[in-house]
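By UniProt numbering, the letter at position 53 of the sequence shown is numbered 53, and the numbering carries on one by one without gaps.
Where a beta carbon is used, it is the ideal one built from N, C-alpha and C, also for glycine.
Input: a single structure, listed below in structure tokens.
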Amino acid sequence: MVVAAPERKERRTYTQDIKDAANTMEGRESPVKQSGARRRNVEGRASTSPSSDVSTVENEANESATDDALGPLVPGTRDQRLTLMEEIVLLGLKDQQGYLSFLNDSISYVLRGCILMELALRRRIRTVRETGVRRPFPDRLVEVVDSAPTGEVLLDEALRLLRGERNSVSGWLDLLSGETWNPLKVGYQLKQVRERIAKGLVDKGVLRTEKHSFLLFDMATHPLSSPVCKEDVLRRAIGTCLGRGPLPSLRSVALVASALTANVLEGALGTLPYAERDGAFSRAEELLRTYGNPAERNIPLPAANEIVAGVLTVFSRLDSLIY
Numbered sequence: 001m002v003v004a005a006p007e008r009k010e011r012r013t014y015t016q017d018i019k020d021a022a023n024t025m026e027g028r029e030s031p032v033k034q035s036g037a038r039r040r041n042v043e044g045r046a047s048t049s050p051s052s053d054v055s056t057v058e059n060e061a062n063e064s065a066t067d068d069a070l071g072p073l074v075p076g077t078r079d080q081r082l083t084l085m086e087e088i089v090l091l092g093l094k095d096q097q098g099y100l101s102f103l104n105d106s107i108s109y110v111l112r113g114c115i116l117m118e119l120a121l122r123r124r125i126r127t128v129r130e131t132g133v134r135r136p137f138p139d140r141l142v143e144v145v146d147s148a149p150t151g152e153v154l155l156d157e158a159l160r161l162l163r164g165e166r167n168s169v170s171g172w173l174d175l176l177s178g179e180t181w182n183p184l185k186v187g188y189q190l191k192q193v194r195e196r197i198a199k200g201l202v203d204k205g206v207l208r209t210e211k212h213s214f215l216l217f218d219m220a221t222h223p224l225s226s227p228v229c230k231e232d233v234l235r236r237a238i239g240t241c242l243g244r245g246p247l248p249s250l251r252s253v254a255l256v257a258s259a260l261t262a263n264v265l266e267g268a269l270g271t272l273p274y275a276e277r278d279g280a281f282s283r284a285e286e287l288l289r290t291y292g293n294p295a296e297r298n299i300p301l302p303a304a305n306e307i308v309a310g311v312l313t314v315f316s317r318l319d320s321l322i323y
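See below:
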């Protein structure tokens with residue numbers, strides 16, 4: 001008697017969920033049955049969109065959760081890794097002057113969102129499981145599943161705050177940013193985030209500390225000490241925006257979407273020719289819309305990835321208000 005081998009259960013990923021939903025919404029067959037990549041045209045220029053990406057080879061789409069869990073290694077080190085917040089600061093940093101633009105009023109809010117996404121990607125927090133009708137991703141409650149120290153001061157402080165109260169993704173984003181009228185909630189604000197991120201990069205050997213005089217006062221600045229580190233971040237951001245290589249990981253999508261919302265992506269793409277730069281911006285905006293609005297397509301996601309989707313949904317609303 002021959003016993004049939006049990007069927008192997010297909011491993012689902014965030015990208016595959018979006019892929020299936022996109023094809024269902026557009027009335028097409030499952031991408032497994034399709035051949036070739038779908039492309040779109042933006043103002044007469046061919047530009048690859050996430051919809052065309054999802055029609056590529058299946059094994060490229062099957063990214064493991066561990067690939068997103070930790071950020072890239074700092075060049076020349078064995079255990080020092082960059083966080084999403086640090087990558088955004090590096091993209092916006094003036095290399096020689098060592099400070100972020102004083103006119104950028106978006107980056108502070110985005111950095112708090114990056115803290116939530118970093119904790120979610122590391123599987124330290126997730127959304128609370130709900131039954132029945134589920135709320136939009138930004139309105140879902142957040143819970144801590146692993147409060148062990150991360151080795152990152154800001155992440156550990158955020159974990160302590162998240163353990164103290166139950167709130168939604170968007171609610172925590174506002175509280176960590178200090179955007180609340182409730183005087184009892186003021187203590188949940190993370191303070192001096194930019195400076196603390198810069199000091200963390202100094203400790204990792206990426207930046208150095210100097211003092212410069214600005215009018216009547218001295219200010220600590222943090223010029224670039226390791227150009228290779230920033231070049232790696234730029235290369236990954238540009239590659240994701242141009243659609244080079246396999247499907248981007250959720251961490252890479254979060255990097256590009258955060259950089260776009262924080263108004264630091266323009267500097268990263270400044271070295272590209274005009275035609276490529278315009279197409280890269282279009283793709284970044286498309287990534288933010290696609291990954292930031294999965295709730296409209298009723299896509300089931302892992303509880304940790306729901307937090308990333310919730311933060312990107314808030315970012316997509318900010319982006320629509322700004323532009």
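- Its chain contains Y109, R112 as the residues whose beta carbon lies nearer than 6 Å to that of S177, once the 5 sequence neighbours on both sides are disregarded; these appear in chain order.
- The continuous alpha helix (DSSP H) containing L121 extends over residues 107-121.
- For S213, the secondary structure class from DSSP, reduced to helix, strand or coil, is strand.
- In this structure, the beta-carbon distance from I125 to V144 falls below 8 Å.
- Bridge partners of V144 according to DSSP: I125.
- Taken in chain order, the complete alpha helix (DSSP H) segments of 4 residues or longer contained in the stretch 240-273 are 250-261, 265-268.
- Counted as a single uninterrupted DSSP element, the stretch harbouring W181 is not any alpha helix (DSSP H), since DSSP gives it neither H nor E.
- Ranked by Cα distance from D156, the options R135, P136, L116 are led by L116.
- When Cβ pairs closer than 8 Å are counted between the two stretches, the stretch 239-256 is seen to touch the stretch 303-313, the count reaching three or more.
- Note: L207 is bridge-paired with L224 in the DSSP secondary-structure output.
- For L91, same chain residues with a beta-carbon under 6 Å away, outside a window of 5 residues either side, are A259, V264, A268 in chain order.
- Membership of V153 in the alpha helix (DSSP H) is indicated by the continuous run 153-164.
- Around the C-beta of N182, fewer than 16 other C-beta atoms lie within 10 Å, and the residue is accordingly described as exposed.
- DSSP places D218 within a strand segment (E or B) once states are collapsed to three.
- Annotation for G92: the continuous alpha helix (DSSP H) segment containing it runs 84-92.
- In this structure, L173 is the residue among A198, L173, R196, E195 with its C-alpha nearest to the C-alpha of V186.
- At a Cβ-Cβ threshold of 8 Å, G279 and S316 do not count as neighbours.
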